[in-house]
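Q: Numbering-wise (my numbering), the sequence shown opens with residue 204 and increments by one. Glycine is no exception: its CB is placed at the ideal position from the N, C-alpha and C atoms.
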Amino acid sequence: MTETVTVREARMHLAEVIDRAESGETTVVTRNGKRVAALVPIEVLDALDAAADELAAREAEAHRQDPTVGMAELLADLFEGGNPAA
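Printed below as a string of structure tokens:
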């Protein structure tokens, strides 16, 4: 189950929010009614990191197999945050 709290509530009850994450629950934090952050169980973060790493490795392998972007474009994308495929 996901609980939603304001920044102020999260600050006032941080230990409880952390306990919820430790027990496997997600807490969404809002500021001025807008969702701005989520405190998730560490296993969720680890799984997201692993999935992102796997996706990056697959994309790198696909590019190695069929390079469609030049090295200069690729480096520019890495350092400028652009999208060379666009």
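1) The beta strand (DSSP E) spanning VAL239 covers which residue range?
2) How would you write the range of the alpha helix (DSSP H) that GLU206 sits in, first residue to last?
3) Going by the DSSP bridge assignment, what does THR230 pair with across the sheet?
4) Could you check whether the stretch 251–268 touches the stretch 228–241, counting it as contact only if at least three pairs of C-beta atoms, one from each stretch, sit closer than 8 angstroms?
5) Can you tell me whether HIS216 is helix, strand or coil according to DSSP?
6) Determine, using beta carbons only, whether VAL208 and VAL247 come nearer to each other than 8 angstroms.
7) Starting from ASP280, follow the alpha helix (DSSP H) in both directions and report where the run begins and ends.
A: From the atom records:
1) 237–242
2) First-last for GLU206: 205–209, but that is the beta strand (DSSP E), not the alpha helix (DSSP H).
3) GLU206 and LEU242
4) no
5) coil
6) no
7) Its alpha helix (DSSP H) spans residues 274–283.
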